[in-house]
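Residue numbers (the working numbering), protein chains in the order written: chain A, 26 to 130; chain B, 1004 to 1621; chain C, 386 to 588. What follows is one structure encoded as structure tokens, with my remarks underneath.
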């Protein structure tokens, strides 16, 4: 085995020809979720449930980005997933701390 | 396989100084880290001795007020960021690729960039001594002291650490990918040597912890240089934000420092007890668990801030939990030594000295984790004694032991064992003499970061002993330097395997050749080399035929990119927009060039490898 | 090596060890960026009511403009994934075309952001007007800086593609740039939610 980093190391089966369909669907879903969030703020801005509702919408939308557009659903993405989730965990802890102990609510 | 057409076969190999400035070889970068880290260690040590000179007698007037504040601030900052981190990266660079049977790290260019960023950041920080005074707000730089009540020095702290921190962060990513992707055939995760495992967890912690200090330094920089209001309550700001962000980074940072030393101790204890590590998988589990819990406990540095009983209790209990995996490690080292064929080399002395010392530091850590008690200990010398027991008694002992262990592999020469033992005993006795009395000074109420104390309060003896101990550690350091100088004058004759080692780095010549392994080894068990030795073989089974080896090209660009940020740092500090543009411009242009011109590298051909082999055997 | 000659393996971005290293290293980089933006978000959330008598979020923000910016960035995220689909079909023309559109959308987003910031400064909302101002400009500015870096990077890659085409060396670069662009969009999803929408609600 040569150690040349730019030698192809594996040529397996032909990749499935990934169509644009699911990406277009994801796009439509993203636009819809965004529209829901804006609509919720415009039409129900006084409700105490608006903030948690739109945060959940954002989280779902982010999962679509990660799993569909960034291909985290495909095989071989275990370590990237650990990296993203652990980073998210630290970020989440920081946000929770700042919300509850630094008057962010 | 023959290299393909576009690869240059006439390598551009630099010599002399240019070789060191352009190197992308992880072994040379390791030596650069060691030299730079050692240099900053001497500066930080000198600062420590000056602090102890001032505190030797009550009402001393040698380094008072602002000067004392500069000394303590720079001692802490230098030792943590510019001495401990680089020496850890020195050993990781020198050893981890060898331990996993790799020819190189995943990103040689980024590795060099990481070093030069760290180095330029360190130089920027220390240039403050000559440009209007060093930072003086403590190594933790809490606002508003650091934002509104400190001089120009804190600007050097902010920008110097920012540049150095980016370098460390890049280094962390490089080691993660190296350990994940570059392992030799058969080197599964559960066969990784413990030092590599700890390097892996430490790199992961670097990855997730350093962005927090990047942000906190950015906020402080904006407050100081652009009149932002993050830490200014009069305009709606909140100083406690800094404390949280700093410790979200800062607590993982102390585990970043100590974990690789746990790994070093594990290597030393196994080699010099001639036994396999007791409870390998428990050790791995404990390492990962410490890494994880390290992120969950930062607010125990802030019990006196007033977060309330719920937060204090959560963080207190979480902190105490860390004692469990740490205890697992302590017992496993003891059980490894139990019944072993122990050789008390200098490295082993450091490992054996490490265990009780670290246990003391860990015990005081659990004491400090009790919030109610911590309100009494907070900001006293008890805290100083605690963290020096873990950082010096733990980390420095581990690093010194690691240097004695791996010096032949890094430099091809054996450090002198007699001088080594003098070095150890002076350091060991000096260390305990310095910091053991500080526990009692703290319990008696002596506050930290205050430049003097009055006579007649019972502080005299403890401080006097402490200062004598610091001088002894100074003597120990001088002995180490003499040892290095003496060793360097001797011929390069270290054997490949001077200690009867167990892991892959001992399967190749000392120092390791440029390509590490002439043929990638096939790993057949934990302690790869020992497995072969037990099978009656003298060397590793190769996993490939001898062939031409691809190498990355040397490059001056990492240095230039770091210099660009160094220049931009001064531009920010003095509000000189052209200088900022110039500095950032240099760095960005280098990035463009790096993207546009692909590095195809060069090859070392089999005949050269054969010549090297014969040279070693002759 | 021009694209029309190259017969590439199915996933050219991970066909070489160097490509694999780059992709993994970049994902880890993004994991670290999570903490970076998490810290900035936490800071913003803690300081968003600290207006100190200056302009408040409710008075400043204009939802139509935010909606437009969001639409632009979401669309650019789609176009960058379509570029990668083109790359996987080994069609450098499709790859380049979608990347050009991505860059144009990125520039449009930046233009909108510059316009927005200028408006705010005219209304007395600056980085030094209050802690809210400091936190707002730092968080949104960091994101904007990422967009600027992405636009520059992708432009540089497009320029390279004319000369180098699509090879196992250039493929990882396109793939990484696309991952980066999605990540920038991902951060924006939280920004429009947490900064603008919740800011408009005022809780």
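We put the beta carbon where it would ideally sit given N, CA and C, even for glycine.
Own chain, CB closer than 6 Å to residue i, minus 5 neighbours either side, in chain order
| i | result |
| --- | --- |
| residue 1085(B) | 1043, 1125 |
| residue 1294(B) | 1204, 1208 |
| residue 504(C) | none |
| residue 1701(B) | Outside the displayed range of chain B (1004 to 1621) lies residue 1701(B), so it cannot be described from this structure. |
| residue 573(C) | 458 |
| residue 1513(B) | 1411, 1412, 1415, 1497, 1499 |
| residue 512(C) | 518, 519, 522 |
Cutoff 7 Å; reference residue i; Cβ partners in own chain excluding five residues on either side
| i | result |
| --- | --- |
| residue 1121(B) | 1089, 1167, 1170, 1171 |
| residue 1299(B) | 1321 |
| residue 1065(B) | 1056, 1057 |
| residue 1339(B) | 1272, 1273, 1276, 1278, 1280, 1281 |
For residue j and residue i, the rounded distance between their alpha carbons
| i | j | result |
| --- | --- | --- |
| residue 1276(B) | residue 1111(B) | 35 Å |
| residue 1048(B) | residue 1197(B) | 30 Å |
| residue 1528(B) | residue 1190(B) | 8 Å |
| residue 1055(B) | residue 1216(B) | 30 Å |
| residue 1337(B) | residue 1347(B) | 15 Å |
| residue 1303(B) | residue 115(A) | 16 Å |
| residue 50(A) | residue 1278(B) | 59 Å |
| residue 1522(B) | residue 1507(B) | 12 Å |
| residue 1581(B) | residue 1378(B) | 49 Å |
| residue 1108(B) | residue 1418(B) | 27 Å |
| residue 1268(B) | residue 1035(B) | 23 Å |
| residue 550(C) | residue 393(C) | 12 Å |
| residue 560(C) | residue 1161(B) | 34 Å |
| residue 448(C) | residue 575(C) | 15 Å |
| residue 1163(B) | residue 1132(B) | 13 Å |
| residue 516(C) | residue 526(C) | 15 Å |
| residue 427(C) | residue 1239(B) | 15 Å |
| residue 1328(B) | residue 1264(B) | 15 Å |
Proximity test, Cβ basis, 7 Å: residue i and chain C
| i | result |
| --- | --- |
| residue 109(A) | yes |
| residue 1192(B) | no |
| residue 99(A) | no |
| residue 1558(B) | no |
| residue 1601(B) | yes |
| residue 1187(B) | no |
| residue 1223(B) | no |
| residue 52(A) | yes |
Buried/exposed call for residue i, threshold 16 Cβ in 10 Å
| i | result |
| --- | --- |
| residue 1284(B) | exposed |
| residue 1491(B) | exposed |
| residue 1272(B) | buried |
| residue 1156(B) | buried |
| residue 1407(B) | buried |
| residue 1538(B) | exposed |
| residue 1382(B) | exposed |
| residue 1072(B) | buried |
Minimum Cβ-Cβ distance from residue i to chain A less than 7 Å
| i | result |
| --- | --- |
| residue 578(C) | yes |
| residue 1241(B) | yes |
| residue 512(C) | no |
| residue 1310(B) | yes |
| residue 430(C) | yes |
| residue 466(C) | yes |
| residue 1247(B) | yes |
| residue 455(C) | yes |
| residue 1178(B) | no |
Neighbour flag for residue i against chain B, beta carbons, 7 Å
| i | result |
| --- | --- |
| residue 49(A) | no |
| residue 585(C) | no |
| residue 401(C) | no |
| residue 115(A) | yes |
Sequence-distant residues of its chain with Cβ nearer than 8 Å to residue i (five each side left out)
| i | result |
| --- | --- |
| residue 66(A) | 75, 79 |
| residue 1235(B) | 1147, 1150, 1151, 1226 |
Scan the region 1041 to 1114 of chain B and note each continuous alpha helix (DSSP H) run of 4 residues or more that stays entirely inside, going in chain order. Along the region 1041 to 1114 of chain B, the alpha helix (DSSP H) occurs as fully enclosed runs of 4 or more residues at 1068 to 1080, 1088 to 1102, listed in sequence order.
Which runs of the alpha helix (DSSP H) fall wholly inside the region 1406 to 1473 of chain B and span at least 4 residues, in chain order? Within the region 1406 to 1473 of chain B, the complete alpha helix (DSSP H) segments at least 4 residues long are 1420 to 1446, listed from N- to C-terminus.
Return the chain-ordered ranges of every beta strand (DSSP E) run that is complete within the region 466 to 521 of chain C and spans a minimum of 3 residues. No beta strand (DSSP E) of 3 residues or more sits fully in the region 466 to 521 of chain C.
Sequence ranges, alpha helix (DSSP H) only - wholly within the region 555 to 579 of chain C, length at least 4: Correct list: 556 to 575.
Please list, in chain order, the residues of the region 1130 to 1157 of chain B that have any C-beta partner in chain D closer than 9 Å. Of the protein chains in the structure, A, B and C, none is chain D.
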